[in-house]
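In the order they appear, the protein sequences are chains L and A. Using the working numbering, the first residue of the first sequence is number 197, and each one after it goes up by one. Using the working numbering, the first residue of the second sequence is number 197, and each one after it goes up by one. This report refers to the structure that appears directly beneath it.
There are 2 protein chains.
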Amino acid sequence: MELIMEKEKIIDRLMNGEAVYQQGISIDCVIFGFHDRMLKVLLNKFNVSDKWMLPVGLIMKDEDIDAAACRVLKKKTGLDSIYLYQFHAFGSTVRPNLKEHRDILLKLGLRDENHWIAQRFVSIGYCAFLEYSKVRIRTDGDEELRWFGIDEIPPLYSDHNGIIEKALSVIRTQIRIIPIGYKLLPEKFPLSELRNIYEAILGRELDRRNFQRKILSTEYVRKLDEIYRKPGQKPAVMFSFVREKCEEALKKIT
Amino acid sequence: MELIMEKEKIIDRLMNGEAVYQQGISIDCVIFGFHDRMLKVLLNKFNVSDKWMLPVGLIMKDEDIDAAACRVLKKKTGLDSIYLYQFHAFGSTVRPNLKEHRDILLKLGLRDENHWIAQRFVSIGYCAFLEYSKVRIRTDGDEELRWFGIDEIPPLYSDHNGIIEKALSVIRTQIRIIPIGYKLLPEKFPLSELRNIYEAILGRELDRRNFQRKILSTEYVRKLDEIYRKPGQKPAVMFSFVREKCEEALKKIT
């Protein structure tokens, strides 16, 4: 029953979408979280599909593209006022989503070569860093959300594996100039937590002392006058992000 | 006579463009050159228009967006295999080009609220660095090309002044990680030439010794075993870009 309702909803959107959505453009969101010493990415699966995919969305005709990306993210995670980072536009004519869109139309009995969805889509890639614990994972309804470690990502819909690779490549290159880890960690954290994130992104171990020196020289992070003690563990000095510096840097680059 | 032909060509493109071009997306190119100690940007003006603008283009339905950007650049400058750098997608619904497009339609007697050009366009911004002397400036035909110093840019068509500002802001932020100056200078150059480019982009003077130390640490530039002597001037040590390192860096970030 649920599947039939969902199918009707999809058909309705496909039939009437041409009047509502900007044609030929979509939003793909690469949402990173950090948990259990692993960098994770949030993936989405619709019940009608057998493949996981990035959270995606279309842009309404009267909607700014940045606003569309925020709307998609809010719908999927419930989170508001998230900093989204535009990292690349994907516009190859051999993007496999063209074939996949035609397959969906065929499956739904809407075979039509001139259908608005059966064309090359240019996709604007956005990425976001979210604190893992704040995202409400939904498992009910017609779609599912799940975190995957970046080493455990299955073959995804269309060219979404490549889009994640590109996001990682851009972040790795920009790691010296953007406040990596901001929004991935709680307000106060021991520096080892942040180093773990850098190591997960770069895929290699970093020297503890060098890391502290370099991070403090960026002005994105400051050392607090606070020590965290947990029984059985070494006491750890706590650190915190300098919010204004981080926001300023993100605004400049994106 | 020439103006009438041009008008006919434009009308033909407006009437038949819907079948040829991807709808609602365009390419804007911010092309930087360096001359007379000044960072310059290449602007374009059509005879029918009273405003200068960035070199722009549409994307054909069967064309990759990166290929479209290269085609636009080649058409305007005659230059092939230029490295184009995708820096931002502009997709606000209040972009002034909507009004300007409607004005053009009105002017040409094609008033039509539903015309394919009378909608919000999302624009993919590309930038390129070109060696000033290699660009062939065209002043004949139905359009004109001219270099403008970045402090001398007039009020441009649509939001193009803002697009140049954004390109500069992204470059200023990324100045530590991209090989600025690569393609702006001849094969061998005294380091003062490169420092001039950095100073023009950053809008401030840089310390000569610090600059040399920092530049050599990036691995993008190497010192040559060559001295350039010109009568009446101090002899200058020559430098050169390390091509592979520069290409690699540009590929990673864009």
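C-beta atoms are modelled at their ideal positions from N, C-alpha and C, and glycine is treated no differently. Keep in mind that this is a model prediction, so the values were computed, not measured.
Sheet register partners of residue i (DSSP bridge)
i: Glu389/A; result: According to DSSP, which records beta bridges pairwise, Glu389/A is partnered with nothing at all.
i: Asp224/A; result: Val252/A and Gly321/A
i: Gly345/L; result: Lys236/L
i: Lys270/L; result: Paired residue(s): none; Lys270/L is not in a bridge.
i: His231/L; result: Met234/L
i: Met434/L; result: Pro386/L
i: Val290/A; result: Partner(s): none; Val290/A has no beta bridge.
i: Ala285/L; result: Ile320/L
i: Arg418/A; result: Ser436/A
i: Glu339/L; result: Phe242/L
i: Ile423/A; result: Val433/A
i: Tyr217/A; result: Met256/A
C-alpha distance - residue i paired with residue j, whole-angstrom precision
i: Ile373/L; j: Asp262/L; result: 22 Å
i: Ile346/A; j: Pro251/A; result: 16 Å
i: Asp299/A; j: Arg298/L; result: 38 Å
i: Pro386/A; j: Glu327/L; result: 48 Å
i: Met211/A; j: Asn310/A; result: 12 Å
i: Val268/L; j: Gly253/L; result: 6 Å
i: Tyr281/A; j: Lys430/L; result: 47 Å
i: Leu364/A; j: Ala324/L; result: 23 Å
i: Ile411/L; j: Val438/L; result: 12 Å
i: Cys442/L; j: Leu390/L; result: 15 Å
i: Asp403/L; j: Ile207/L; result: 54 Å
i: Glu198/A; j: Glu339/A; result: With a pLDDT of 42 at Glu198/A, under the threshold of 50, the modelled position of this residue cannot be trusted, and the question is left open.
i: Tyr424/L; j: Leu381/L; result: 15 Å
i: Met234/L; j: Glu348/L; result: 11 Å
i: Trp343/L; j: Val237/L; result: 6 Å
i: Ile393/L; j: Ile371/A; result: 24 Å
i: Ile255/A; j: Asn357/L; result: 25 Å
i: Lys295/L; j: Ala314/L; result: 8 Å
i: Arg405/A; j: Glu415/A; result: 17 Å
i: Leu301/A; j: Arg209/A; result: 12 Å
i: Ser388/A; j: Val318/L; result: 42 Å
i: Ala265/A; j: Trp312/A; result: 21 Å
i: Ser354/A; j: Lys241/A; result: 13 Å
i: Leu239/L; j: Lys271/L; result: 13 Å
With 16 other Cβ atoms within 10 Å as the buried cut-off, status of residue i
i: Gln218/A; result: buried
i: His284/L; result: buried
i: Arg316/L; result: buried
i: Asp421/L; result: exposed
i: Ile360/A; result: buried
i: Lys379/A; result: buried
i: Ala215/A; result: exposed
i: Ser329/A; result: exposed
i: Asn243/L; result: exposed
i: Gly305/A; result: exposed
i: Glu259/A; result: buried
i: Gly377/A; result: buried
i: Gly321/L; result: buried
i: Ser222/A; result: buried
i: Ile367/L; result: buried
i: Gly337/A; result: exposed
Min CB distance residue i to chain L below 8 Å
i: Glu361/A; result: no
i: Val331/A; result: no
i: Met197/A; result: Model confidence at Met197/A stands at a pLDDT of 36, short of 50, so the residue's coordinates are unreliable and nothing is read from them.
Residue-chain proximity (residue i, chain A), Cβ-Cβ < 8 Å
i: Asp260/L; result: yes
Residue i CB to nearest heavy atom of the ligand GTP below 7 Å
i: Ile349/A; result: This structure lacks the ligand GTP; in fact it carries no ligand of any kind.
*asked:* At a CB distance below 7 Å, what residues from the stretch 279-295 of chain A approach chain L? Give them in sequence order.
replied: Gln282, His284, Ala285, Gly287, Ser288 and Thr289
_Please identify, using Cβ separations under 7 Å, the residues of the stretch 210-231 of chain L that lie next to chain A, in order along the chain._
Gln218, Gln219, Gly220 and Ile221
*Select from the stretch 363-379 of chain A all residues with a C-beta closer than 7 Å to any C-beta belonging to chain L, and list them in chain order.*
Ser365, Val366, Thr369, Gln370, Arg372 and Ile373
*According to a CB-to-CB cut-off of less than 9 Å, which residues of the stretch 312-328 of chain A neighbour chain L?*
Gln315, Arg316, Val318 and Ile320
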